[in-house]
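Written below as structure tokens is the structure these notes are about.
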Amino acid sequence: MFQKVKTIHPDVETVVIYGELFGGGYKHKEVELVKDAVKVQKGIEYAPHNEFYAFDIKLNGITYLDTDVVNRIFEETGFFYAKILFQGTLEDALRFPNVFNSKIPAWLGLPELEDNMCEGTIIKTLKTKYFGNGARIILKNKNEKWIEKAKMVKKEAKIVHKQVHFSEKAQEILGEIQKYATVNRLNNVITKIGEFQPKMIGKVIGLFAQDILEDFEKDFPAAFTVIEKEEQKRINKKLNSLVIDFIKEELMTLKV
């Protein structure tokens, strides 16, 4: 990726790929569950595995590449990326329907799900442009149906969350485990895999969580013997959520 960008911009020193982690669940009878995949988004199904969805490239922490150039680079380097759905004037783009099922599953070769509505559309200029204050010109066009659905999912999640209870000892264990989620540990996990590819995200999530647990159990071998099995499961589930949030924070801008 870096060398590809450098052929276009010889003076480039740093390249940052902006994107988002997604997937971890796909409720379709013809699609098998993926072990160790972690559900990232709620209210929409993207893929059974975890994947990285790229949508922008920034050079030297300053300049965004033009959309057509970005997409060509992603295509040539094998990144899964946000494809253009419509190209036209701003007025036409604003009129483009923003209520439709997500295109991502089909792009990944998955069978379609009913009522798998996308969040909306992103509108940006083909050639990068900026407002007078230096902010990039980019618009989010969310659909109302998604907003209402997201509110319902969030409300349901809060209800479920209230039912989760940790004993004082389990809370202590969870607090200690969280200290093991560090940037150095994540980098070591990625280094062991070899050259990082976006499709490795699911594997990174699983290995990072496993590495945290293994080292914690080495340091505190008797920790899990003092709590119930169900609490162990809840701690593992909480750890998965912690790991996915940590990786989203660290790899949302994937530095190459």
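Each residue of the sequence shown is one higher than the one before, starting from 85 at the first, in the working numbering. Here a beta-carbon is modelled for each residue, glycine too, at the ideal position from N, C-alpha and C.
Please name the residue in the options whose C-alpha comes closest to that of residue i.
{"i": "residue 112", "options": "319, 177, 176, 196", "result": "196"}
{"i": "residue 206", "options": "185, 310, 166", "result": "166"}
{"i": "residue 151", "options": "136, 125, 211", "result": "211"}
{"i": "residue 102", "options": "173, 314, 155", "result": "155"}
{"i": "residue 309", "options": "291, 253, 266, 298", "result": "253"}
{"i": "residue 218", "options": "146, 191, 136", "result": "146"}
{"i": "residue 92", "options": "215, 298, 121, 143", "result": "143"}
{"i": "residue 333", "options": "260, 124, 108", "result": "124"}
{"i": "residue 138", "options": "184, 110, 270, 106", "result": "106"}
Per DSSP, residue i is paired with what?
{"i": "residue 220", "result": "214"}
{"i": "residue 197", "result": "Per DSSP, none; premise fails for residue 197."}
So for residue i, helix, strand or coil by DSSP?
{"i": "residue 100", "result": "strand"}
{"i": "residue 323", "result": "helix"}
{"i": "residue 151", "result": "helix"}
{"i": "residue 92", "result": "helix"}
{"i": "residue 284", "result": "helix"}
{"i": "residue 132", "result": "strand"}
{"i": "residue 106", "result": "strand"}
{"i": "residue 309", "result": "helix"}
{"i": "residue 266", "result": "coil"}
{"i": "residue 143", "result": "strand"}
{"i": "residue 182", "result": "coil"}
{"i": "residue 272", "result": "helix"}
{"i": "residue 138", "result": "strand"}
{"i": "residue 126", "result": "coil"}
{"i": "residue 113", "result": "coil"}
{"i": "residue 329", "result": "helix"}
{"i": "residue 317", "result": "helix"}
{"i": "residue 229", "result": "helix"}
{"i": "residue 339", "result": "Low confidence applies here, because residue 339 scores a pLDDT of 47, under 50, leaving its location unreliable; read the following figure in that light. Here residue 339 sits in strand by DSSP."}
Leaving out five residues on either side along the sequence, give the residues of the same chain with a beta carbon under 6 Å from the beta carbon of residue i.
{"i": "residue 149", "result": "141"}
{"i": "residue 209", "result": "221"}
{"i": "residue 339", "result": "Low per-residue confidence applies at residue 339: pLDDT is 47, beneath 50, and the placement is therefore not dependable enough to give any value."}
{"i": "residue 330", "result": "265"}
{"i": "residue 286", "result": "121, 133, 134"}
{"i": "residue 98", "result": "144"}
{"i": "residue 307", "result": "257"}
{"i": "residue 180", "result": "170"}
How far does the alpha helix (DSSP H) with residue i in it reach, from first residue to last?
{"i": "residue 253", "result": "252 to 262"}
{"i": "residue 188", "result": "188 to 191"}
{"i": "residue 176", "result": "174 to 179"}
Looking at the secondary structure, which residues open and close the beta strand (DSSP E) in which residue i lies?
{"i": "residue 204", "result": "204 to 208"}
Among the residues of its own chain, which have a CB less than 8 Å from the CB of residue i, if the five just before and after it don't count?
{"i": "residue 161", "result": "85, 88"}
{"i": "residue 116", "result": "132"}
{"i": "residue 95", "result": "none"}
{"i": "residue 176", "result": "170"}
{"i": "residue 226", "result": "182, 203, 204"}
Within the same chain, show all residues whose beta-carbon is closer than 7 Å to that of residue i, passing over the 5 residues directly before and after it, in chain order.
{"i": "residue 258", "result": "250, 319, 322"}
{"i": "residue 262", "result": "326"}
{"i": "residue 192", "result": "131"}
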